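Going line by line, the protein sequences match chains C and U. With this note's numbering, you'll find the first sequence wraps up at 476, consecutive numbering, no jumps. With this note's numbering, you'll find the second sequence wraps up at 796, consecutive numbering, no jumps. Even glycine gets a Cβ: it sits at the ideal position worked out from N, Cα and C. Predicted model, so just to flag it, every value in this text is computed and none were measured.
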Amino acid sequence: MNLKRSLDAGGIVFPVLVGGRLLLALTNLSGALKRDHQLSSPLTSYLNLQEGIFLFKNGVDPYSGGVFRHSPLFLALFTTVLPASRTVSSIIWTLCDALGAWALVQVWRARQQVAKTSRDSLIAAAYLLNPYLFLPTLALSTSSFENTLALLALMFAARGDASRSLLAAALLLQFSLSSILLLAPLLLLLASSPVSQLASPRAFSANGKSITSFVAEFLAYTTVLTLASTLVSGGWAWIPQTWGASLTLPDLTPNVGVWWYFFTEMFDHFRPFFLMVFSVHLLIYVAPVCIKFQYDPLYAAFVLLGVLGTFKSYPSMADPGLFISMIAIFPEIFPCKHPIVTALLHLHAALLMPLFHHLWLNQGTGNANFFYATTLVFACANGAALTDCIWAGLMIAIGEPQEDYVVVQE
Amino acid sequence: MLHWKCRLLWSLYFTLAGFSHSFSSETFEEELTVQTLRDGKVATRFSFSTVLGGATPRNPHNLSIEDDSQHYTLFPLTLGQILREYAVTELHLTLNAGKWNYDRWGYPDEEGVGTGAELWAWIGDGAVATVDERWRDLRNALAGLFCASLGSLDELRTTAPALTFTPGALPDWPLPHAIRHASLPSEHVCTENLTPFLKLLPCKSLSGIASLLNSHRLFDADWHGMGLHVSWLPDDGVQVRLTFQAVTDPLRASSNKRDWSFASIFDRSIERACPVAASSRIVVALPVNAAYSINPQPSSDEQGYATFNVAEQAKPLDVSMQWPANFEHSKSIRLATYSVTPFAESPLSIRRTLKGSTQDHGKLSVFIQNDATTTTEVAYLETMPWIVQFYLHTLTVSIDNIVRDDLLKNISYTPPVPHSRAMMFQAVLVLPARSTVHLTIDITKAFLRYTEHPPDAQRGWDLPPAVLVPLGGLARQRIYTPTLLVDLATPDFSMPYNVIIFTCTLIAFIFGSVFNYLTRKFVVLYKESN
């Protein structure tokens, strides 16, 4: 009934958006998009998921090879509960996006501490109409599930529902190892409130005991889900194939991230070192971001999602897409530092990436450097959006520049 | 002093006599078969067989203790050492160049005609050194012996297709055995491989049939390939067979005649017989319904085959065959009444292609036409290096665009592991009588590290041939499809430094900007009036 109430509150916009998306899902676009390297990575590709399900059903361990890198929970889900036909899958994926949009609206409402706002429809539209998000969904990339789980975890945390939030986070961890970054701000959010404190920075004040119990609960969920995965797949082989893959990068299929070409061109004797550097590099952001935004953990989670979208090992368009759509629930940071530059960088990358990808692999008139260069621009765009948001989030506390006052560094 | 020398000589004599006595059961036989094919080409096949009587392959359990010393008179010592060192029971190595045309040439005398290098071995299990370790060492030893890049037949290409590559003699092995198979279609056979091949023969290329092995002519042939086959025949002993096959074309634009002679094919004749050969025969398949003349007079002429006993024939021996009639290409190919003795005709005709123009995915399409009037079952084997990955859920089998999934059974599949293990797909395919089965499967092409590409990366990768083995009914002879060439996406090989620098700079820039903001603390100060 919660959903019903929010649907009523959202008015006609939300059902119309979901209906439109469902219509889009029923077209034959997924057949054309499912191979696209920008919309799904080897870890989230629908083709690989189908192959894994096929092997699993026919008694071959899908984790004995190198094609299937999805979590065993997906195997369990699609071999028992859900059918694997493409039309049904398209509808499920779209409904999953709708759930994500609903969760995002709920996060916004929890942040504003109101039941209904005029901005709800805009936020739902920002999620459902973001091409970075709906194209991967049309391509049936499982990153849609990851995004929805991340939003559900944040939503439950914002509402103070610790168990469900931690369960969603544990599930998300099963699907994507790098989402462990979100755990710290999630715990802080559970221990404090989602209300915007960007304008009034203060030290974090909550009892640490509850956090310890949250961590214990998260570990318990993770252990149970890990054991369940092991039971489903009949062994531990899934760990190096799923979690391990995002650390060791065995599949160098091009994607929108910065890892693939770097490790294609890497000298063999430096490979382990740089894999370590790139993995640790992601973790480095957690503590500083959480300390700086300790007064607003939701904002810290948002910033870390931006970091993940830029630097994770197997990103698809959906990862930066989630970060961009989430900007909608932080209206206080508008305008950012360089909104036009960032938007143009994104436009540049979004137009040239498919073009250069096509020129390189299909047309044969471009080489790998073309696509690599556009992924660099895309990383610049994501980095610019990230730094813009951090800057804006910090400057809210300073307020509008006023006469006779100057802003200086301490 | 003289007396002492005499005693030394005597003892030496007895030692040698003892050795020769202990291996008196070593026999060496050589044979050359010559056959004119349907399309006018001439197929020649050399076979040199040495049998070590009463010998058995080494028991892998005894690998840790010192082996008996090896003394051979005819058996090649270098090969014997390799076989004993790694306790190999059965071994087949073929190095071929060209595509064997089953439709025109029928089945070959030696069935291993896959393009490039192919090595497979049945190795006894149970030793301290695992099968895979001994397989690796065996590859490297043979690579050294034959001057071929067999070291490249590594884990990336090794599979274990037990259904398709059954052991030749199928003896009742007391030990569990494992098969290892690898093929390298891009390997080319050349003179440097023939020289060590000849060194393994007791008469080298000095006398006997082997003196016809003229590398200038053999490697000029339309199709040529050499093979090494080691098998254990429980009744006889360990057999080493060295083979060389070639298909030459005697037809010329000026004279459309199928005439051939040793002088025209090999530019050589046999000057003397190999003295240690127990038998040395030349077998020529005779035409059925055509006029011909053969010189010199064969030693025997039975069932369409003229046999020459090299030891008895006058030297130099230059066998030749003349055809009075001109060869008419189209007629002999199209008409059912062939004017030459046909090979065992192949009722199966296979076409295998890789479709798709993009560098990231494609579709493998295989047409198998069964001309026989009975339903046939074949074992179908695809082995691929990991660079090509199958999407097994897209596999379809159809006849005339009607899906027939019931035709494919007993699928066994080993998925590929990136950078380490090859893919193997093995199944039993039912081919209904007089039908064409169409098999398709989607594939994805891998993206390689820049160090994994060969020096001529733009040329593409040769993919191993598929292998079909008719089960029951037809002759159980392996059929190899032609190889495929796959075009993989390449990175820019010239700029690893640039990529490392660009990416690191970008990461450092974003990292720096983020931490710049995170570590600053801004305060608002009241600006005092000047």
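Give, in chain order, every unbroken run of the alpha helix (DSSP H) that is at least 4 residues long and sits entirely within the stretch 93-168 of chain C.
With a minimum length of 4 residues, the continuous alpha helix (DSSP H) runs that stay inside the stretch 93-168 of chain C are 95-99, 112-123, 138-142.
Can you pull the chain C neighbours of W727(U), defined as C-beta to C-beta under 9 Å?
The premise fails here: W727(U) is roughly 16 Å from chain C at the closest Cβ pair, so nothing lies under 9 Å.
Between the stretch 324-339 of chain C and chain U, which residues of the former have a C-beta closer than 9 Å to a C-beta of the latter?
The residues in question are V324, W325, W326, Y327, F328, F329, T330, E331, M332, F333, D334, F336, R337.
Thinking just about the alpha-carbon of each residue, which of H443(U), T769(U), D753(U) is nearest to the one in K629(U)?
When only C-alpha atoms are compared, the closest one is D753(U).
If we cut at 8 Å on Cβ distances, does C446(C) have a partner in chain U?
It does; some Cβ of chain U falls within 8 Å.
So with Cβ pairs under 8 Å, would you call F713(U) a contact of chain C?
Yes, contact with chain C.
Which same chain residues end up closer than 8 Å to F422(C) when comparing Cβ atoms and leaving out the 5 residues on each side of it in sequence?
So the list reads G432, F436, F437, A439, T440, once near-sequence residues are dropped.
Just to confirm, is the Cβ distance from L7(C) to L237(C) under 8 Å?
Because chain C in this structure spans residues 67 to 476, residue 7(C) falls outside the shown range and cannot be described.
So E117(C) contacts chain U; which residues on that side make the cut at Cβ distance below 7 Å?
Under the 7 Å cutoff, chain U gives Y657, L658, H659.
Alpha carbon to alpha carbon, how far is R670(U) from S184(C)? Give it in angstroms, no decimals.
Rounded to whole angstroms, S184(C) to R670(U) spans 58 Å at the Cα level.
Using beta-carbon positions only, say whether H103(C) and P381(C) come within less than 8 Å of one another.
Going by C-beta atoms, H103(C) is not nearer than 8 Å to P381(C).
How many angstroms separate the CA atom of R311(U) from the CA atom of W371(U)?
Roughly 13 Å separates the two Cα atoms.
Let me know if M342(C) comes out buried or exposed under the rule of 16 or more other beta-carbons within 10 Å of its beta-carbon.
Exposed, by the Cβ-count rule.
Going by CA-CA distance only, name the one from T717(U), Y746(U), L751(U) that's closest to N367(U).
Of T717(U), Y746(U), L751(U), the residue nearest in Cα terms is Y746(U).
Consider the Cβ of A529(U): report whether some Cβ of chain C lies at a distance smaller than 8 Å.
No - not a single Cβ of chain C is within 8 Å of the one on A529(U).
Whose Cβ in chain U lies nearer than 9 Å to the Cβ of D317(C)?
Within chain U, the residues near D317(C) are P684, A712, F713.
Of the choices L460(U), L494(U), G493(U), whose alpha-carbon is the least far from that of L830(U)?
Here chain U has residues from 267 to 796 only, and residue 830(U) is not among them.
Taking a Cβ distance cut-off of 8 Å, strictly less, list which residues of the stretch 421-441 of chain C are near chain U, in chain order.
If the cut-off is 8 Å between Cβ atoms, the stretch 421-441 of chain C has W426, L427, N428, G430, N433, A434, N435, Y438 near chain U.
Please list, in chain order, the chain C residues whose beta carbon lies closer than 7 Å to that of S880(U).
Because chain U here runs from 267 to 796, residue 880(U) falls outside it and cannot be looked at.
For F400(C), does the count of other Cβ atoms within 10 angstroms reach 16, so buried, or fall short, so exposed?
F400(C) is exposed by the Cβ-count criterion.
Just tell me which of L105(C), E117(C), D454(C), R101(C) has its CA closest to the CA of Y679(U).
The shortest Cα separation from Y679(U) among L105(C), E117(C), D454(C), R101(C) belongs to E117(C).
Between V504(U), S760(U), D722(U), M492(U), which has its C-alpha nearest P342(U)'s C-alpha?
Closest option to P342(U), Cα to Cα, is V504(U).
Can you give me the Cβ contacts of G77(C) inside the same chain, cut-off strictly under 7 Å, excluding the 5 residues immediately before and after it?
Counting only Cβ-Cβ distances below 7 Å, and skipping sequence neighbours, we find S187.
Quick one: does H490(U) have its CB under 8 Å from some CB of chain C?
No, its Cβ sits nowhere closer than 8 Å to a Cβ of chain C.
May I ask you to report which of helix, strand or coil DSSP gives F656(U)?
Strand, per DSSP.
Between the stretch 777-792 of chain U and chain C, which residues of the former have a C-beta closer than 8 Å to a C-beta of the latter?
So the close ones are F777, S779, V780, F781, Y783, L784, T785, R786, K787, F788, V789, V790, L791, Y792.
Could you tell me if P427(U) is buried or exposed, where buried requires 16 or more neighbouring beta carbons within 10 angstroms of its beta carbon?
By the neighbour-count rule (16 or more Cβ atoms within 10 Å), P427(U) is buried.
If distances are taken between C-alpha atoms only, which option among L441(U), A409(U), P468(U), A444(U) comes closest to L450(U)?
Among L441(U), A409(U), P468(U), A444(U), the Cα nearest to that of L450(U) belongs to A409(U).
For a contact meaning CB atoms closer than 7 Å, what does P320(C) contact in chain U?
What P320(C) touches in chain U: F713.
Closer than 7 Å between beta carbons: that is the criterion. Which residues of the stretch 117-146 of chain C meet it against chain D?
Among the protein chains in the structure shown, which are C and U, there is no chain D.
Under 6 Å Cβ to Cβ from A309(U), same chain only, skipping five residues before and after it: list those, please.
For A309(U), where only same-chain residues beyond five positions count, the Cβ hits under 6 Å are Q301, L303, V513.
Are at least three pairs of beta-carbons, each pair with one atom in the stretch 324-338 of chain C and one in the stretch 210-221 of chain C, less than 8 Å apart?
Segments in contact, no.
So does the stretch 291-302 of chain C actually touch the stretch 391-405 of chain C, counting three or more Cβ pairs closer than 8 Å?
Too few Cβ pairs lie closer than 8 Å, so no.
Give me the Cα-Cα distance between V133(C) and F463(U), rounded to the nearest whole angstrom.
Between V133(C) and F463(U), the C-alpha separation is close to 42 Å.
Since Q301(U) sits in a beta bridge, which residues does DSSP pair it with?
Partner(s): A309(U).
Could you tell me the distance, in whole angstroms, from the CA atom of Q347(U) to the CA atom of Q692(U)?
Their Cα atoms are separated by approximately 34 Å.
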